[in-house]
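The listed protein sequences derive, respectively, from chains A and B.
Numbering of the first sequence is given in the working numbering, commencing with residue 1079 and proceeding in unit increments.
Numbering of the second sequence is given in the working numbering, commencing with residue 1079 and proceeding in unit increments.
Structure first, then comments.
2 protein chains.
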Amino acid sequence: MSDRVKGQVLRQSTIFSSLDEDELAVLGGLAIESWFKPGEFIFWEGDEPDWFYMVAAGRIKVLKHSSLGKEFVIAFFGSGEMFGEVAVFENKPYPGSAQAVAETRVLGIRRSDFRSFLAHRPEIALKIINILSGRLRDAQSRLRDLAAERVEQRLARTLLMLYSKLGSTLPFTRQEIADMAGTTTETAIRFMSRLKEGGIVRSVRGKTIILDVSKLRLLSEGPPAA
Amino acid sequence: MSDRVKGQVLRQSTIFSSLDEDELAVLGGLAIESWFKPGEFIFWEGDEPDWFYMVAAGRIKVLKHSSLGKEFVIAFFGSGEMFGEVAVFENKPYPGSAQAVAETRVLGIRRSDFRSFLAHRPEIALKIINILSGRLRDAQSRLRDLAAERVEQRLARTLLMLYSKLGSTLPFTRQEIADMAGTTTETAIRFMSRLKEGGIVRSVRGKTIILDVSKLRLLSEGPPAA
DNA sequence: AAGCCACTATGATCTGGATCATAGTGGCTA
DNA sequence: TAGCCACTATGATCCAGATCATAGTGGCTT
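Here you go:
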């Protein structure tokens, strides 16, 4: 893959869309491409933060393990989204592991290269501040949800969040949805079954199609109109 | 309070420590000071993000309410720490409410002023990226904890986090600790009583003194060596 | 076309921690 | 100096959701 082509990939991201052709080519020149099969890890929690990553194609998840070994999914990222950035900016070990969930191509930029690139491109720094702010906002909402809302609402909100990001067809298994909502697979299945009965979603193996967003929104807000 | 004095206050913060006297005075000139008594709100969740804030003296907490009205504490902030920044950078309503927990003095800078100041001070932007990264990292750890660890460990970790930030004397009631750990006051009290029995903490009304950090660390990591 | 495995499904039981109740106590206000 | 209120304390009960168990099913591999 040429530097220019890598530049084009980078352009599709939120962060770098404002760069011109030449700058993109420079950045592309710093980027190294790699492929991962489903299940393979890009990095592990605790690794040294040598690389800043962006998904070029496919999908990855960032996860953390609990002391009992249970997996919790921080987030899924698709094309054009960066990950591993927290570690790079802080220069501390990655706080979570990144695992491909599909055939995935990622671009990696060395930490030092990326930081010096950033240093003389203030508008990129501002974009990054924006993205981090958004992620922090999300994380804080989820914190509140995990601490104070019941499973039903957490699941409903998880689906809504995915809906607003990906549209009505969600390529996730119940297990993955459960891991995002912080519950068990069984509970997620039971909940989804009820949604199906209520005509709120339709589903095929590994996929969920949202049919009625407004009903879902109701569920996410309060006790089910008891 | 003069602009220069306000500048001195700002200098004590992590973000602005690198600015020189004159720049600090400029920034000080943009800042407006206000006072809050314990319990008073600086802003409410949902308010327009007109101000960027920094604590000059005292302490505030940022909290969110659940759909049932329960309060969850996102974080406490003391002198030199910024808050409300997520809203300012994203230009979306504040995602949480900010409430003074002590007699508190804050400096506020108008959103537009702060953003234009930032635009031509890239090194400040990088500092902010650092702080946001740190907060995101914390939030993600807490997410994992809330989703997958039991209350005991969450409480132990909450105490450790406060310890690393504030030292061994923690000026919080059990209720406040419970709200941070995402549990109830009763559960926090029971847990703290056991810590007292074990000689791990000492406590007086509204305060907790940590005596044995390493035992606390053990508790935070696994089941209590059953 | 057999067999396997990941995914979906559903019932039965168990339990951590919330909830409810009641009370002691120290500091602050009137 | 009385009395109130926020905080600490502890016992009793309850329940949402985890855990355990068992099974059906569709797609992919060999």
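Note that beta-carbon positions come from the ideal geometry of N, C-alpha and C, so glycine has one too.
Rounded straight-line distance, which links the Cα of LEU1224/B to that of GLY1260/B
Within the second sequence, the letter at position 182 stands for residue 1260/B. Within the second sequence, the letter at position 146 stands for residue 1224/B. Near 7 Å, if we compare the C-alpha coordinates of LEU1224/B and GLY1260/B.
Sequence-distant residues of the same chain with beta carbon closer than 8 Å to ALA1303/B, five excluded per side
Here the question's residue 1303/B lines up with position 225 in the second sequence. Any reading at ALA1303/B must be qualified, since the residue scores a pLDDT of 44, below 50, and its modelled position is unreliable; no value is offered.
Going by other Cβ atoms of all chains shown within 10 Å of its Cβ, with 16 needed for buried, is ILE1206/A buried or exposed?
Stepping through the first sequence from its first residue, residue 1206/A is reached at position 128. If you draw a 10 Å sphere on the C-beta of ILE1206/A, you find 16 or more other C-beta atoms in it, and that means buried.
Closer than 9 Å, CB to CB, is ALA1266/B near chain A or not?
Numbered from 1 along the second sequence, position 188 holds the residue referred to as residue 1266/B. With 9 Å as the cut-off, ALA1266/B does not count as an interface residue toward chain A.
Contacts that PHE1167/A makes with chain B (C-beta to C-beta distance below 7 Å):
If you number the first sequence from 1, residue 1167/A lands on position 89. Under the 7 Å cutoff, chain B gives ILE1207, ASN1208 and SER1211.
Would you list the residues sitting across from MET1160/B in a DSSP beta bridge?
Residue numbering aside, residue 1160/B sits at position 82 when the second sequence is read from its first letter. Partner residues in the beta bridge of MET1160/B, as assigned by DSSP, are MET1132/B.
Measure the Cβ-Cβ separation of TYR1131/B and VAL1184/B and say whether it is below 9 Å.
Residue numbering aside, residue 1131/B sits at position 53 when the second sequence is read from its first letter. Residue numbering aside, residue 1184/B sits at position 106 when the second sequence is read from its first letter. Taking a C-beta distance under 9 Å as the contact criterion, TYR1131/B and VAL1184/B qualify as a contact pair.
Please check if any C-beta of chain B sits within less than 9 Å of the C-beta of LEU1221/A.
Position 143 of the first sequence, counted from the first residue, corresponds to residue 1221/A. It does; some Cβ of chain B falls within 9 Å.
Which residues in the same chain as ASP1125/B place their Cβ atom closer than 7 Å to its Cβ, once the five residues preceding and following it in sequence are excluded?
In the second sequence, the residue the question calls residue 1125/B occupies position 47. Only PRO1171 and TYR1172 meet the Cβ criterion.
Use the C-beta contact count for TRP1129/A: other C-beta atoms within 10 angstroms, 16 or more gives buried, fewer gives exposed.
Position 51 of the first sequence holds residue 1129/A. By the C-beta density criterion, TRP1129/A is buried, having at least 16 other C-beta atoms within 10 angstroms.
Can you check which of these residues, SER1190/A, ARG1235/A and ILE1093/A, is closest to GLU1299/A by C-alpha distance?
Sequence index remark: in the first sequence, residue 1299/A carries index 221 (1-based). GLU1299/A has its Cα closest to that of ARG1235/A, out of SER1190/A, ARG1235/A and ILE1093/A.
Per-residue burial, ALA1153/B [other beta carbons within 10 Å of its own, 16 or more giving buried]
Within the second sequence, the letter at position 75 stands for residue 1153/B. With 16 or more Cβ atoms within 10 Å of its Cβ, ALA1153/B is classed as buried.
Starting from PHE1094/B, trace the alpha helix (DSSP H) in both directions and tell me its first and last residue.
In the second sequence, counting from the first residue as 1, residue 1094/B sits at position 16. That residue, PHE1094/B, is in no alpha helix (DSSP H); it is neither H nor E in DSSP.
Since VAL1282/B meets chain A, which of its residues come closer than 9 Å, beta carbon to beta carbon?
The residue labelled residue 1282/B in the question sits at position 204 within the second sequence. Going along chain A, no residue has its Cβ under 9 Å from VAL1282/B, so there is no contact; the nearest lies around 27 Å.
Which residues DSSP lists as bridging GLY1186/A, in chain order
Here the question's residue 1186/A lines up with position 108 in the first sequence. In the DSSP secondary-structure assignment, GLY1186/A is bridged to ILE1110/A and TYR1131/A.
Can you give me the start and stop residues for the alpha helix (DSSP H) that ILE1206/A sits inside?
By one-based count along the first sequence, residue 1206/A stands at place 128. That run of the alpha helix (DSSP H) goes 1200-1226.
Would you say GLY1162/B reaches chain A, if we count a Cβ-Cβ gap shorter than 9 Å as a contact?
Here residue 1162/B is taken as the residue at index 84 of the second sequence, counted from 1. No, because no Cβ of chain A sits closer than 9 Å to the Cβ of GLY1162/B.
Is ALA1180/A close to chain B, meaning its C-beta is less than 9 Å from at least one C-beta of that chain?
Within the first sequence, residue 1180/A is the residue found at index 102, counting from 1. By this cut-off, ALA1180/A is not an interface position.
Any 3 or more C-beta pairs closer than 8 Å across the stretch 1139-1153 of chain A and the stretch 1183-1201 of chain A
Contact between the stretch 1139-1153 of chain A and the stretch 1183-1201 of chain A is absent: fewer than 3 CB-CB pairs across the two stretches fall below 8 Å.
Other residues of its chain near GLN1090/A: CB distance less than 8 Å, five sequence neighbours each side excluded
As a position in the first sequence, residue 1090/A is number 12, starting the count at 1. Excluding positions up to five away in sequence, the list reads SER1157 and GLY1158.
With DSSP run on the structure shown, which of helix, strand or coil describes SER1281/A?
For the purposes of this step, residue 1281/A is taken as the residue at position 203 of the first sequence. The three-state reading of DSSP puts SER1281/A in strand, counting E and B together.
Compare the beta carbon distance of GLU1168/B and ASN1208/A with 9 Å and say whether it is the shorter of the two.
Start at 1 with the first residue of the second sequence, and residue 1168/B comes out as number 90. Start at 1 with the first residue of the first sequence, and residue 1208/A comes out as number 130. Yes, the Cβ-Cβ distance between GLU1168/B and ASN1208/A is below 9 Å.
9 Å is my cut-off, CB to CB: does ILE1152/A come that close to chain B?
Reading the first sequence from its first residue, position 74 is the one you call residue 1152/A. True, the Cβ-Cβ gap to chain B drops below 9 Å.
Pick helix, strand or coil for ALA1153/B, following the three-state DSSP scheme.
On the second sequence, residue 1153/B is found 75 positions in, with the first residue counted as 1. Here ALA1153/B sits in strand by DSSP.
So, does the CB of ARG1215/A fall closer than 9 Å to a CB anywhere in chain B?
Taking the first residue of the first sequence as position 1, residue 1215/A is located at position 137. So yes, ARG1215/A belongs to the interface.
Who are the neighbours of ALA1197/A on chain B, taking C-beta pairs under 9 Å?
Mapped onto the first sequence, residue 1197/A falls at position 119. Within chain B, the residues near ALA1197/A are PRO1200, GLU1201 and LEU1204.
Does the beta-carbon of PRO1127/A have 16 or more other beta-carbons within 10 angstroms, so that it is buried, or is it exposed?
On the first sequence, residue 1127/A is found 49 positions in, with the first residue counted as 1. It is buried - the Cβ of PRO1127/A has at least 16 other Cβ atoms within 10 Å.
Using a C-beta cutoff of 9 Å, does GLN1177/B count as contacting chain A?
Translated into the one-based positions of the second sequence, residue 1177/B becomes position 99. No, GLN1177/B does not count as interfacial toward chain A.
Go ahead and label VAL1279/A buried or exposed: buried means 16 or more other beta carbons lie within 10 angstroms of its beta carbon, across all protein chains shown.
Counting from 1 along the first sequence, the entry for residue 1279/A is found at position 201. VAL1279/A comes out buried.
Look at the alpha carbon of SER1246/A and the alpha carbon of GLY1284/A, and state the distance between them as a whole number of angstroms.
Taking the first sequence and counting its residues from 1, the one referred to as residue 1246/A is at position 168. Taking the first sequence and counting its residues from 1, the one referred to as residue 1284/A is at position 206. When rounded, the distance between both Cα atoms is 14 Å.
Considering LYS1142/B, what are the terminal residues of the beta strand (DSSP E) in which it resides?
If you number the second sequence from 1, residue 1142/B lands on position 64. Residues 1137-1143.
Would you verify that the beta carbon of PRO1173/B is, or is not, closer than 9 Å to some beta carbon of chain A?
Numbered from 1 along the second sequence, position 95 holds the residue referred to as residue 1173/B. At least one chain A Cβ lies under 9 Å of PRO1173/B.
Cβ-based burial, ASP1100/A [other Cβ within 10 Å; buried from 16]:
Locating residue 1100/A in the first sequence gives position 22, where the first residue counts as 1. Exposed: under 16 other Cβ atoms inside 10 Å.
So for LEU1289/A, helix, strand or coil by DSSP?
Counting from one through the first sequence, the residue named residue 1289/A turns up at place 211. Annotated three-state conformation of LEU1289/A is coil, per DSSP.
CB of PHE1114/B within 9 Å of CB of LEU1102/B, strictly
Stepping through the second sequence from its first residue, residue 1114/B is reached at position 36. Stepping through the second sequence from its first residue, residue 1102/B is reached at position 24. The Cβ atoms of PHE1114/B and LEU1102/B lie no closer than 9 Å to each other.
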